[in-house]
Amino acid sequence: MKDHTIPLTLISILADGEFHSGEQLGEQLGMSRAAINKHIQTLRDWGVDVFTVPGKGYSLPEPIHLLDEKKISQEIDHGRVTVLPVIDSTNQYLLDRLDELTSGDACVAEYQQAGRGRRGRKWFSPFGANLYLSMYWRLEQGRQRLLA
């Protein structure tokens, strides 16, 4: 699994709405301006709109408020919620863990790299722009009842 620590850290730094130079970000994160630019490109690939102004640096047009797993978990009555910043697919995450799930368990993500819609169609899921959620629900009467 790819490490997304640096791009996620960049989002938290840029979320203040101020401009941050590549040099400043590089010093803060212990890397070169070229490496910072590479991680900025990752953010753009995720659908994050990053402003670049020569002589000023990088900025986000507006803050991104990230999902808070602790707050979400406090608000639900039953089931577990797993909050992940980046995932291939929330649905696949649950499918890979069917033996561990109880009815009402959910997976929520800031960004899906391989999200699927109806009929397996792929769609683009911009980072922090929508709610990407899959929930496991056990039907007491079974699947056949739905098909009747």
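Numbering (full-length UniProt numbering), first residue to last: 1 to 148. Heads up, the beta-carbon is just placed ideally off N, CA and C, and yes, glycines get one too.
In this structure, how does DSSP classify L131 when only helix, strand and coil are distinguished?
Coil, per DSSP.
If we call anything under 9 Å between Cβ atoms a contact, is W7 one with L43?
It is worth fixing the name first, because residue 7 is Pro in this sequence and not Trp. The beta carbons of P7 and L43 sit closer together than 9 Å.
Please give the ranges of any alpha helix (DSSP H) in the UniProt domain "BPL/LPL catalytic" (66-148), keeping only runs that are unbroken, at least 4 residues long and fully inside the region.
List check, alpha helix (DSSP H) in window: 69-75, 90-95, 143-147.
Entirely within the region 27-60 and at least 3 residues each: give me those beta strand (DSSP E) ranges in chain order.
Runs found: 51-53, 57-59.
Extent of the continuous alpha helix (DSSP H) to which P7 belongs:
Per DSSP, P7 belongs to the alpha helix (DSSP H) from 5-14.
Does the Cβ of E140 have 16 or more other Cβ atoms within 10 Å, making it buried, or fewer, making it exposed?
With fewer than 16 other Cβ atoms within 10 Å, it is exposed.
Among V86, D77, E23, E110, which one has its Cα closest to the Cα of D3?
Looking at the Cα atoms, V86 is the closest of the given residues.
Does the region 45-56 come close enough to the region 111-131 that 3 or more CB-CB pairs lie under 8 Å?
Taking 8 Å as the limit for Cβ pairs, the verdict is that the region 45-56 does touch the region 111-131.
Output the distance between the C-alpha atoms of E75 and V83, rounded to the nearest integer angstrom.
Rounded to the nearest angstrom, the two C-alpha atoms are 14 Å apart.
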